[in-house]
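Visitor: Protein chains in written order, with the working numbering: chain A, 1062 to 1203; chain B, 1062 to 1203.
The C-beta atom is built at its ideal place from N, Cα and C for all residues, glycine as well.
Bear in mind the structure is a predicted one, so any value in this text is a computation, not a measurement.
The structure is given below, and queries will be raised subsequently.
There are 2 protein chains.
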Amino acid sequence: MNISSRFSVAIHILSILEINKTGTNTSDFIASSVNTNPVVIRRITGMLSKAGLVEVKPGVPGAKLAKDPGDITLLDIYNAVNVVEENGLFGVHDSPNPDCTVGRNIQGAIVPLFTSAQKAMENVLAAVKLQDIIQDIEAHEM
Amino acid sequence: MNISSRFSVAIHILSILEINKTGTNTSDFIASSVNTNPVVIRRITGMLSKAGLVEVKPGVPGAKLAKDPGDITLLDIYNAVNVVEENGLFGVHDSPNPDCTVGRNIQGAIVPLFTSAQKAMENVLAAVKLQDIIQDIEAHEM
DNA sequence: TTATCCTGTAACAATTGTAGTTACATGTCG
DNA sequence: CGACATGTAACTACAATTGTTACAGGATAA
């Protein structure tokens, strides 16, 4: 199991939009950097657009950031591309047997723990901004 | 996407082994509490056995905890059932284009972040013992 | 206006992982 | 030996992901 690479691709896309902000970033161009199919890029860009992170118009080549990279967190991106449902990171078997002590209490015992484990992970993502990624990328080009 | 319910089922199994420690916990019995097929239970019990968390012998009915429930963390169980690979929670698109500034630096920029986000989640699991789950279950039966 | 280039999206295939199931070999023990 | 349990292979059904083709529709320059 792993979280869909849509997330890492989305970060890649947004980084390009900022770093190459003076250029025209078409889905073809971005696809060649990500090394995938342009349709994959358009799909993800569509999700980012619905989430208000990018601006893109049918017929007009290229996409642009809709916000300052300092105002976009990795959690925003993660939520935008629907890779994990809210409180849904951990799958839980449903309908355990209510006639068993463990069966009727297991969900109540583990769901809150799973929720807080997921939250801990998401808090790390919330603490990182797109700006931080950009800086890291640029620092390696010096 | 979510983490396989093998994890929650494994916690369920181990809880039964402790709470019903005086009984004989066959895969059939456990399956009726989890509400699944006995083979699913035996598969997971086999993984827990390889990880040294339970003792089970071919031909001998029932399984037993191999350790004190105070010495088993949720992280131990999570690792035992192989639901997430080490540093593999987040999928990352491979072979981005090295001829692009973003392409050649994106992995270096995001992998450490993904690793620390995953670690944060796993640290929450590491802080919870099977014993805590058992106590929670029993507290609800008072 | 028309040609061209782009985005949006439906539709489909290939791949992978999960969960359930049947079947059966093998081990234990009365 | 017989009854019963575990271990495991093999198969199905299902869902999500990723890549792909095809095409409708918008924007713009000549």
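(1) What are the residues of the segment 1103-1133 of chain A that lie near chain B, defined by any Cβ-Cβ distance shorter than 8 Å?
(2) Which value, in whole angstroms, describes the spacing of the CA atoms of A/Ile-1064 and A/Lys-1180?
(3) List, in order along the chain, the chain A residues whose C-beta lies closer than 9 Å to that of B/Asn-1096?
(4) Use the C-beta contact count for A/His-1201: other C-beta atoms within 10 angstroms, 16 or more gives buried, fewer gives exposed.
(5) Does A/Asp-1132 pass the burial test, meaning 16 or more other C-beta atoms within 10 Å, or should it be called exposed?
(6) Mind checking if B/Leu-1174 is an interface residue toward chain A, Cβ cutoff 7 Å exclusive?
(7) Thinking just about the alpha-carbon of each residue, which of B/Val-1163, B/Thr-1087, B/Asp-1160 and B/Lys-1190 is nearest to the one in A/Ile-1171?
(8) Have a look at B/Ser-1093 and B/Ile-1077 and give me their C-alpha separation to the nearest angstrom.
(9) Quickly, what does DSSP pair B/Ile-1064 with across the bridge? List them, please.
(10) Kindly indicate if chain B contains any beta-carbon less than 7 Å away from that of A/Leu-1150.
(11) Can you check DSSP and say which residues form a bridge with A/Leu-1126?
(12) Check the Cβ of B/Gly-1169 against every Cβ in chain A and list those closer than 9 Å, keeping chain order.
(13) Please classify B/Met-1182 as buried or exposed, where buried requires at least 16 other C-beta atoms within 10 Å of its C-beta.
(14) With a threshold of 7 Å between beta-carbons, can A/Ser-1177 be considered close to chain B, or not?
(15) Counting only Cβ pairs nearer than 8 Å, list the residues of chain B close to A/Ala-1181.
(16) Do you know offhand how far A/Leu-1186's Cα is from A/Leu-1075's?
(17) Does the distance from the CB of B/Asn-1166 to the CB of A/Asn-1096 come in under 7 Å?
(18) Anything in chain A within Cβ reach of B/Val-1070, meaning under 7 Å, just list it in chain order.
(19) What in chain B is Cβ-close to A/Ser-1093, meaning under 9 Å?
(20) Look at the alpha carbon of A/Arg-1104 and the alpha carbon of B/Gly-1113, and state the distance between them as a whole number of angstroms.
Guide: Reading from the atomic positions:
(1) Residues passing the 8 Å Cβ filter: none.
(2) When the Cα atoms are used, A/Ile-1064 and A/Lys-1180 turn out to be separated by approximately 15 Å.
(3) Those within 9 Å of B/Asn-1096 in chain A are His-1154, Asp-1155, Ser-1156, Pro-1157, Asn-1158 and Gly-1164.
(4) Burial call: exposed.
(5) Within a 10 Å sphere around the beta-carbon of A/Asp-1132 sit fewer than 16 other beta-carbons, which makes this residue exposed.
(6) Yes, B/Leu-1174 counts as interfacial toward chain A.
(7) The option with the nearest alpha carbon to A/Ile-1171 is B/Lys-1190.
(8) B/Ile-1077 has its alpha-carbon roughly 12 Å from the corresponding atom of B/Ser-1093.
(9) In DSSP, B/Ile-1064 forms a bridge with A/Phe-1151.
(10) Contact with chain B is found for A/Leu-1150, since one of that chain's Cβ atoms lies less than 7 Å from the residue's Cβ.
(11) The secondary-structure analysis by DSSP pairs A/Leu-1126 across a beta bridge with A/Val-1115.
(12) Against chain A, a Cβ distance below 9 Å from B/Gly-1169 picks out Asp-1197, Ile-1198 and His-1201.
(13) Looking at its Cβ environment, which holds 16 or more other Cβ atoms inside 10 Å, B/Met-1182 is buried.
(14) Taking Cβ atoms only, chain B reaches closer than 7 Å to A/Ser-1177, which makes this a yes.
(15) Result: Ala-1181, Met-1182, Asn-1184 and Val-1185.
(16) So the alpha carbons of these two residues sit roughly 15 Å apart.
(17) No; because the gap between Cβ atoms is not below 7 Å, this pair is not in contact.
(18) Correct list: His-1154.
(19) Residues of chain B whose Cβ lies closer than 9 Å to the Cβ of A/Ser-1093 are, in chain order, Asn-1158, Asp-1160, Cys-1161 and Gly-1164.
(20) A/Arg-1104 and B/Gly-1113 have their alpha carbons spaced roughly 45 Å apart.
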